[in-house]
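Residues in the sequence shown are numbered consecutively from 0, following numbering that gives the first Met the number 0. Glycine included, every Cβ here is placed at the ideal spot set by N, Cα and C. Since the model is a prediction, treat every value here as computed from it, not as a measurement. What follows is a short report on a single structure.
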Amino acid sequence: MKKFLGALLCALVVMTGAERIEAQSLGSGSGSGIAFFRAAHLKRGINLSMWYAQDSDYSAKHLAEYTTADDFRLVKSLGFDHARLSINPEPLMAAGKPDALDTEAIARLDKTVADITATGLIVILDIHPDMPFMDALGKGDQSVANLITFWKTFASHYASTDPNKVYFEVLNEPHFDDVYRWAGIQASLIPTIRDIAPRHTIIATGAKWGGVEGLKLLEPVRDDNVIYSFHDYDPMTFTHQGATWAGESLKPLRKVPYPSTEENVSPLLGLESTEQGKKDLAWYGKQHWDAKKVDEEIATMADWGTKHHVPVWCGEFGVYRTYSDPAARDAWLHDMRVAFEAHHIGWSMWDYQGGFAIVTKADGKTTVDKGVAEALGLHGQ
Numbered sequence: 000m001k002k003f004l005g006a007l008l009c010a011l012v013v014m015t016g017a018e019r020i021e022a023q024s025l026g027s028g029s030g031s032g033i034a035f036f037r038a039a040h041l042k043r044g045i046n047l048s049m050w051y052a053q054d055s056d057y058s059a060k061h062l063a064e065y066t067t068a069d070d071f072r073l074v075k076s077l078g079f080d081h082a083r084l085s086i087n088p089e090p091l092m093a094a095g096k097p098d099a100l101d102t103e104a105i106a107r108l109d110k111t112v113a114d115i116t117a118t119g120l121i122v123i124l125d126i127h128p129d130m131p132f133m134d135a136l137g138k139g140d141q142s143v144a145n146l147i148t149f150w151k152t153f154a155s156h157y158a159s160t161d162p163n164k165v166y167f168e169v170l171n172e173p174h175f176d177d178v179y180r181w182a183g184i185q186a187s188l189i190p191t192i193r194d195i196a197p198r199h200t201i202i203a204t205g206a207k208w209g210g211v212e213g214l215k216l217l218e219p220v221r222d223d224n225v226i227y228s229f230h231d232y233d234p235m236t237f238t239h240q241g242a243t244w245a246g247e248s249l250k251p252l253r254k255v256p257y258p259s260t261e262e263n264v265s266p267l268l269g270l271e272s273t274e275q276g277k278k279d280l281a282w283y284g285k286q287h288w289d290a291k292k293v294d295e296e297i298a299t300m301a302d303w304g305t306k307h308h309v310p311v312w313c314g315e316f317g318v319y320r321t322y323s324d325p326a327a328r329d330a331w332l333h334d335m336r337v338a339f340e341a342h343h344i345g346w347s348m349w350d351y352q353g354g355f356a357i358v359t360k361a362d363g364k365t366t367v368d369k370g371v372a373e374a375l376g377l378h379g380q
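Printed below as a string of structure tokens:
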């Protein structure tokens, strides 16, 4: 109880009267307090992926060249207000130990954080480990202890940053079917971070890969300065068509239509070689995914936040580009964005220049996908 009251007091001290007025004017949902104030500043974001995480190359050269200060300025000019930075914790650990940070690695990350915030963007430090690290969390207590130790080390390093510019995300997409195990781990991690960084906003999530269903099953922690994240790629038949990592039935899919009907999906059934694949594709058509259905799903997340008196934010959504029809992709992104706005939920699209990207790079030139930018209600370029 003392820890909870202390955290609540810190949150109230951080928020000035002017900030409370601004939070109300920003329309941050049905609540007040520091978490709602900070959530109101996460309206439109982009994921900076395949860089400090999801890669095999964490060399100084790759980290310096893959995404640069020019990219941050472009992100800001498009109308984004925040960037979610995926960070694999293991390359940051000195000698592979979670209680110390590698001097050179953390110095590079410090520069990146400084460069992002210098543009006026908020940065979310998203702890985004590789699969073996994540899988270990579901099996043994030592792996959990290592994550807690890492967060002590990491939070201590960034505790002196401006809490209005730097947010902490506990863990990307917890791969837990056991919702109680994940809830217990997260309930241990958040007070650990809070003791070290009393003024920083923490982003929490549910089990089941941090998706809609996982958040529905989560009970919020007793901390007034937490935003709750969900990822939404529904329906996967459309958003992950052709993806090689997300299930056998998705690999053969090409040009899947959106909105979906039984009639427009029927010609694609021949692409599927398995009965389960055919069933999944037929189900997508029968569900009639359209703007109304998208809105209904996003409404469930808004309702969950209202029920628990906490702010919610969508940390990831997007469409794999390689095999999707651009017009259909733009239509789904548009409908998602409109639904988020209607329910006062901020968002961060996946991703900047990866497989779901808003920009492409070739021959030293960066090109913005205008259809995606317009679908997201951005300025374009």
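{"Query": "For Val402 and Phe339, I'd like the C-alpha separation in whole angstroms.", "Result": "This structure leaves residue 402 out entirely; the chain is present only between 0 and 380."}
{"Query": "Taking only three categories from DSSP, how would you classify Leu62?", "Result": "helix"}
{"Query": "Just curious, the alpha helix (DSSP H) that Met49 is in, first and last residue?", "Result": "Per DSSP, Met49 belongs to no alpha helix (DSSP H) and is neither H nor E."}
{"Query": "Terminal residues of the continuous alpha helix (DSSP H) containing Ala356?", "Result": "Run containing Ala356: none; DSSP gives neither H nor E here."}
{"Query": "Curious, which full-length alpha helix (DSSP H) runs of at least 4 residues does the region 194-224 contain?", "Result": "206-209 and 211-215"}
{"Query": "By DSSP, does Glu373 sit in helix, in strand, or in coil?", "Result": "helix"}
{"Query": "Taking 7 Å as the threshold (C-beta atoms), are Ile126 and Ile86 in contact?", "Result": "yes"}
{"Query": "Does His199 pass the burial test, meaning 16 or more other C-beta atoms within 10 Å, or should it be called exposed?", "Result": "buried"}
{"Query": "Consult DSSP for Trp349 and reduce its assignment to one of helix, strand or coil.", "Result": "coil"}
{"Query": "So Ala82 is in the beta strand (DSSP E); what residue range does that whole segment cover?", "Result": "His81 to Ile86"}
{"Query": "Cutting at 8 Å between CB atoms, please list the residues of its own chain near Val264, excluding the five before and the five after it.", "Result": "Val255, Pro256, Leu280, Ala281, Tyr283 and Gly284"}
{"Query": "Excluding the five sequence neighbours on either side, which residues of its own chain have a C-beta within less than 6 Å of the C-beta of Arg328, listed in chain order?", "Result": "Val318"}
{"Query": "Per the contact definition of three or more C-beta pairs closer than 8 Å, is the region 61-79 in contact with the region 329-337?", "Result": "no"}
{"Query": "On the CB-based measure, 16 or more other CB atoms within 10 Å of its CB, does Glu168 come out buried or exposed?", "Result": "buried"}
{"Query": "Pick from His307, Thr365 and Arg320: whose alpha carbon is nearest that of Arg253?", "Result": "Arg320"}
{"Query": "In angstroms with no decimal places, state the Cα-to-Cα distance between Ala203 and Lys278.", "Result": "34 Å"}
{"Query": "I need the DSSP call for Trp244, collapsed to helix, strand or coil.", "Result": "coil"}
{"Query": "Which of the three DSSP states is assigned to Glu21 in this structure?", "Result": "Confidence is the limiting factor: at Glu21 the pLDDT is only 44, short of 50, which leaves the residue's position unreliable, though a coordinate-based value still follows. Residue state, collapsed to three classes: helix."}
{"Query": "Should Trp288 and Pro258 be called a contact, given that it needs their Cβ atoms to be closer than 7 Å?", "Result": "yes"}
{"Query": "Tell me the residue span of the alpha helix (DSSP H) that contains Tyr319.", "Result": "Premise fails: Tyr319 is in no alpha helix (DSSP H) and is neither H nor E."}
{"Query": "Smallest Cα separation from Leu47: which of Phe36, Leu84 and Gln53?", "Result": "Leu84"}
{"Query": "Please classify Lys138 as buried or exposed, where buried requires at least 16 other C-beta atoms within 10 Å of its C-beta.", "Result": "exposed"}
{"Query": "I need the DSSP call for Leu120, collapsed to helix, strand or coil.", "Result": "coil"}
{"Query": "Which residue's Cα is closest to the Cα of Ser347: Phe316, Val165 and Asp194?", "Result": "Phe316"}
{"Query": "Going by Cα to Cα distance, which pick from Glu295, Glu373 and Gly213 is closest to Tyr179?", "Result": "Gly213"}
{"Query": "When burial is assigned at 16 or more other CB atoms within 10 Å of the CB, is Met300 buried or exposed?", "Result": "buried"}
{"Query": "Using the beta-carbon count (16 or more within 10 Å), is Met130 buried or exposed?", "Result": "exposed"}
{"Query": "So, for Pro325: in the same chain, excluding its five sequence neighbours on each side, which residues have a beta-carbon less than 6 Å away from its beta-carbon?", "Result": "Gly370"}
{"Query": "What does DSSP give as the partner residue(s) for Ile126 in the beta ladder?", "Result": "Ile86"}
{"Query": "Got a sec, what are the start and stop residues for the alpha helix (DSSP H) Lys292 sits in?", "Result": "Ala290 to His307"}
{"Query": "Residues in its own chain within less than 8 Å of Ile226 by CB, not counting five upstream and five downstream?", "Result": "Ala34, Arg37, Ala38, Leu41, Tyr166, Thr200, Ile201, Ile202, Ala203, Val309, Pro310, Val311 and Trp312"}
{"Query": "By the three-class DSSP mapping on this structure, what secondary structure does Ser228 have?", "Result": "strand"}
{"Query": "Answer with buried or exposed for Glu271, where buried requires no fewer than 16 other C-beta atoms within 10 angstroms of its C-beta.", "Result": "buried"}
{"Query": "Going by DSSP, what residue range makes up the alpha helix (DSSP H) through Tyr283?", "Result": "Glu274 to Gln286"}
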